[in-house]
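> Residue numbers (the working numbering): 2 to 399.
Heads up, the beta-carbon is just placed ideally off N, CA and C, and yes, glycines get one too.
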Ligand SMILES: NC(=O)c1ccc[n+]([C@@H]2O[C@H](COP(=O)([O-])OP(=O)(O)OC[C@H]3O[C@@H](n4cnc5c(N)ncnc54)[C@H](OP(=O)(O)O)[C@@H]3O)[C@@H](O)[C@H]2O)c1
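1) Helix, strand or coil for residue 200? Go by DSSP, reduced to three states.
2) For residue 336, is the beta carbon positioned less than 7 Å from some heavy atom of ligand 1?
3) Rounded to the nearest angstrom, what separates residue 256 and residue 231 at their Cα positions?
4) Rounded to whole angstroms, what's the CA-CA distance from residue 72 to residue 127? Just pull it up for me.
5) Using 7 Å as the cut-off, classify the Cβ of residue 1 as near or not near the heavy atoms of ligand 1, replying yes or no.
6) Do residue 185 and ligand 1 come close, with the Cβ less than 7 Å from some heavy atom?
7) Rank 170, 176, 153, 144 by C-alpha distance to the C-alpha of residue 164 and give the top, closest one.
8) To the nearest angstrom, how far is the alpha carbon of residue 300 from that of residue 65?
9) From the DSSP output, in three-state form, read off residue 380 for me.
10) Run through the stretch 132-159 for me and flag every whole beta strand (DSSP E) of 3 or more residues, listed as ranges in chain order.
11) Is any non-hydrogen atom of ligand 1 found closer than 7 Å to the C-beta of residue 295, if you look at the structure I gave you?
12) Under 8 Å, Cβ to Cβ, is there at least one residue of chain E near residue 155?
13) Which residue wins for smallest C-alpha separation from residue 130, given the options 294, 152, 67, 170?
14) Helix, strand or coil for residue 318, going by three-state DSSP, please let me know.
15) From this set, 229, 41, 181, which residue's C-alpha is nearest residue 266's C-alpha?
16) Could you spell out the range, first to last residue, of the beta strand (DSSP E) harbouring residue 485?
17) Quick check: the Cα distance between residue 250 and residue 220, rounded to an integer number of angstroms?
18) Measure the CB-CB distance between residue 89 and residue 377 and report whether it falls below 8 Å.
19) Could you give the distance in angstroms between the alpha-carbon of residue 196 and the alpha-carbon of residue 271?
20) Taking contact to mean 3 or more Cβ pairs, one atom from each stretch, closer than 8 Å, check whether the stretch 177-186 and the stretch 335-352 are in contact.
21) If you draw a straight line from the alpha carbon of residue 215 to that of residue 380, how long is it in whole angstroms?
22) For the stretch 306-321 and the stretch 280-296, state whether three or more C-beta atom pairs, one from each stretch, are separated by less than 8 Å.
23) Grab me the residues of residue 94's own chain with a C-beta within less than 6 Å of its C-beta, minus the 5 sequence neighbours each way, in chain order.
24) For the 8 Å Cβ check, are there 3 or more pairs between the stretch 315-335 and the stretch 143-157?
25) Let me check understanding here. Comparing Cα to Cα, which of 103, 115, 111, 264 lies closest to residue 55?
26) Does the Cβ-Cβ distance between residue 132 and residue 199 come in under 8 Å?
27) When DSSP labels each residue in this structure, what does residue 389 get in the three-state scheme?
28) Between which two residues does the alpha helix (DSSP H) carrying residue 308 extend?
29) Can you give me the C-alpha to C-alpha distance between residue 1 and residue 253, rounded to a whole angstrom?
30) Mind checking whether residue 393 and residue 112 have CB atoms under 8 Å apart?
31) Just to confirm before moving on: does the CB-CB distance between residue 363 and residue 383 stay below 8 Å?
32) Have a look at residue 313 and residue 100 and give me their C-alpha separation to the nearest angstrom.
33) Residue 172 and residue 341 look like a contact to me (Cβ under 8 Å); what is the Cβ gap, rounded to whole Å?
34) Pull up the distance between the alpha-carbon of residue 123 and that of residue 140, whole angstroms please.
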C-alpha cells in the first residue's frame with residue numbers, strides 16, 4: 002500500500018521537488034509535484050510587535066516539502082489562539098529559535114518573514130514520499146507546532162504524523178476551531194492528567210476557565226468520557242458552558258471563586274487554563290492521597306527562556322517545577338505543567354468523537370482573510386467564548 006501510494010504520487014505529478022538533506026550534504030528527491038507557483042498569499046510579520054506588524058503579501062515563498070514525511074495543505078480555514086497574539090509580540094522566540102529547523106530560517110539567519118496561525122483545516126495538496134496515509138485532495142485538519150510556519154497563508158507544510166482526516170460532519174470553518182486547543186487539552190488531560198475514555202467515568206474534574214478555546218473543548222471531551230465536570234467562567238458564559246455539558250458552573254466574577262468551590266466535593270483532576278493566583282487555592286481542592294492531579298497550562302517556561310536565555314531559563318524552569326511538585330506531593334497531590342503536543346493520532350480519536358456528535362465546534366466569530374488584523378484584535382481583547390476563525394479559501398467554504 003505504502004509503495005503503491007509512492008508510485009501513484011509519482012505518476013500523478015509532473016514536477017520534481019528536491020531538497021538539501023538536513024546537514025546540507027546531499028540533494029534528495031522527496032516528493033513529486035506539479036508546482037503551481039513559487040509564491041502565495043500570506044499574512045506575515047517581519048519583526049515582533051503589536052498588530053501593526055502584520056503584513057499581507059502576495060509574494061510569500063510557496064512552502065517546500067523538505068522531508069519525506071511532510072505534506073503541503075491547501076488552507077481553507079485557520080484558527081487563532083492566544084499564542085498567536087503572544088508570538089506576534091515575540092513570546093517564546095528564544096525557544097522557537099532553538100527548535101526551528103535550519104531549513105526554515107532565511108539566509109540572513111532570521112525566522113522572518115514569519116507566518117502565524119496554529120490551526121488549519123484544508124486539503125492535502127502534495128505528499129512527501131513517506132506519507133502513506135494521505136493523498137492529494139484528502140480533507141484534513143492539523144495543529145501546527147509553534148516553531149513552524151503557520152496557517153495564515155494559502156498553503157502550509159506540516160509533518161504527516163501531525164495531520165488527521167478532518168471530521169466529515171464539520172465544515173472547514175468549524176474544523177479549524179479545534180485542532181490546537183483539542184490536542185493541548187488532550188495532552189494535559191490524557192498524557193499529563195492520566196484520564197482517558199476508559200477511566201474517566203465518575204471522576205470529578207474542575208476546569209478553571211471553561212469558556213475559552215481549551216475549556217469549551219475539554220468540557221465536552223470529559224463529559225463524553227463520563228466524568229463529572231465543574232467549570233468556572235464569567236456569569237455571561239454560564240449558559241454556553243452548561244450547554245456544553247458542565248454539571249456545575251461557578252461564576253468567578255461574583256465574589257471569591259475559591260470560597261464557592263470549597264463547598265463542593267473535592268476533585269480528582271484540575272485543568273487550569275487561567276494560572277496566576279488560581280494556583281494558590283486550586284491545589285487545595287484536590288482529593289489528597291488519591292493520585293489526584295493539578296495540571297496548569299499557564300507556565301513560565303517560555304517567558305523564562307525569553308528573559309534569561311536558553312540555559313538559565315531552562316535551569317530556572319527546572320528548579321521552579323521541581324520545587325512546586327515536591328511541595329505538593331508532600332500534601333498528597335500531584336502538581337504538573339501541561340503543554341501543547343501535536344498528534345495526528347489524538348486528532349484521529351477526536352475526529353471520531355466529533356462525527357459521533359460528542360463534540361461540537363464552538364466558533365464565536367469568523368473573519369475573512371483580508372481581515373486578519375481585526376481577527377487578532379478580537380482575540381487580543383480576551384473574553385473568548387470559543388474560537389475566532391479566519392477563512393482563507395473562501396470559494397470552497399460551504
Ligand atoms: N501550555 C501550553 O502549551 C498552552 C497551550 C494552549 C493554551 N495555553 C494557555 O492556556 C490558556 C487558555 O487558553 P485558551 O485558548 O482557552 O484561551 P482563551 O480562548 O482566551 O480563553 C480564556 C477564557 O478564560 C476566561 N477567563 C478569564 N479569566 C478567568 C478566570 N479568572 N476564571 C475563569 N475564566 C476566566 C475568559 O473569558 P472572560 O474573561 O470573559 O471570563 C475566556 O473565555 C491561555 O493562557 C493559553 O495561553 C497554553
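The answer reads as follows:
1) coil
2) no
3) 17 Å
4) Each residue's alpha carbon lies about 6 Å from the other.
5) The structure shown has nothing for residue 1, since the chain only spans 2 to 399.
6) Answer for residue 185: yes, Cβ within range of ligand 1.
7) 144
8) 33 Å
9) Taken through DSSP and simplified to helix, strand or coil, residue 380 comes out as helix.
10) 140-144
11) Of the heavy atoms belonging to ligand 1, none sits nearer than 7 Å to the Cβ of residue 295.
12) The question asks about chain E, but that chain is absent: this structure has only one protein chain.
13) Of 294, 152, 67, 170, the residue nearest in Cα terms is 67.
14) If DSSP states are grouped into helix, strand and coil, residue 318 belongs with the helices.
15) 229
16) In this structure the chain extends from 2 to 399, so residue 485 is not present and cannot be described.
17) 11 Å
18) Residue 377 is positioned such that its CB atom lies closer than 8 Å to that of residue 89.
19) 11 Å
20) yes
21) 14 Å
22) The stretch 306-321 is not in contact with the stretch 280-296.
23) none
24) no
25) 115
26) no
27) Here residue 389 carries a strand assignment [DSSP, helix/strand/coil].
28) Note, residue 308: alpha helix (DSSP H), 302-309.
29) Given a span of 2 to 399 for the chain in the structure shown, any question on residue 1 remains unanswerable.
30) Between residue 393 and residue 112, the gap from beta carbon to beta carbon reaches 8 Å or more.
31) no
32) 17 Å
33) Actually they are not in contact, since the Cβ atoms of residue 172 and residue 341 sit about 24 Å apart, beyond 8 Å.
34) 6 Å
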